[in-house]
Each structure stands twice: as C-alpha cells, then as structure tokens.
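Numbering (our numbering), first residue to last: 723 to 838. All C-beta atoms, glycine included, are put in the ideal place defined by N, C-alpha and C.
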Amino acid sequence: GAEALLWTDGRYFQQASLELSSSWKLMKSGLPSTPSLGDWLANNLQKGDVVGIDPNVHPATWARELQTKLEKVGVELRALTPNLVDEIWVQRPAWPSAAVRVHPFEFAGATVADKL
723 GAEALLWTDG
733 RYFQQASLEL
743 SSSWKLMKSG
753 LPSTPSLGDW
763 LANNLQKGDV
773 VGIDPNVHPA
783 TWARELQTKL
793 EKVGVELRAL
803 TPNLVDEIWV
813 QRPAWPSAAV
823 RVHPFEFAGA
833 TVADKL
C-alpha cells in the first residue's frame, strides 16, 4: 500500500501536525523511533525502483550517502530537473526581494564564509 510520509525536524513538528491531513504520516526526524529517510526508503522500496530528488535543494554529501544506501538494495537515485513540484505549482508566490540579513554568529552558529 502507498503511504504519504513527511520527514521534518523539530522546528516544524507542531506546524506539520496542524497542517497535514489524516492521510499523511509525520516522520519526526531526529527522534530515536523515527528512521532516517534513507533507511526508510532502503527498507520499503523494491529492487528496480527509482527515487527522484531535486539536486538544487539537497547537499551533495547527503545525496551521495543516500545514493550509496539505495544502490545496496538495487534502488536508483535520480536527479530530476526541472523540479516536478515547480512544474505544477501554478500559484507560487514571487521570490523574496528583500535584502539578505546576516544573523549574528551567536544565533547562526557559523560565519557567513563557513556556510557558503
């Protein structure tokens, strides 16, 4: 059976709980009882299946780790361009035009140079 699952971290647990319909399952990343996305995919997909990701929104190291995990079980990781969500999102809000603001190190945890 097909499942609709959303992985998110603690910043969005409450929002997701309020906004997801009952047909979705919230996967609370970082909790011991929640498998990582890669582990869940590797354990639930079949050999020959394909997982598509937008290469512009996932760090390369994360994508390589996911690819390695999926290859072990015969699942292909494929970079999708353009992003399929972008293709169907007809009432997408305009990109922000405000200037970027730099948060102080004490809040950001790293310098701008370190993050870039």
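Boundaries for LEU767: no alpha helix (DSSP H) harbours it, and the DSSP string shows neither H nor E there. Within a 10 Å sphere around the beta-carbon of LEU799 sit 16 or more other beta-carbons, which makes this residue buried. Here VAL779 is exposed: its Cβ has fewer than 16 other Cβ atoms, across all protein chains shown, within 10 Å.
In the DSSP assignment, TRP817 falls outside any beta strand (DSSP E), carrying neither H nor E. Around THR833, the same chain offers PHE827 as residues with beta carbons nearer than 8 Å, after the five sequence neighbours per side are excluded.
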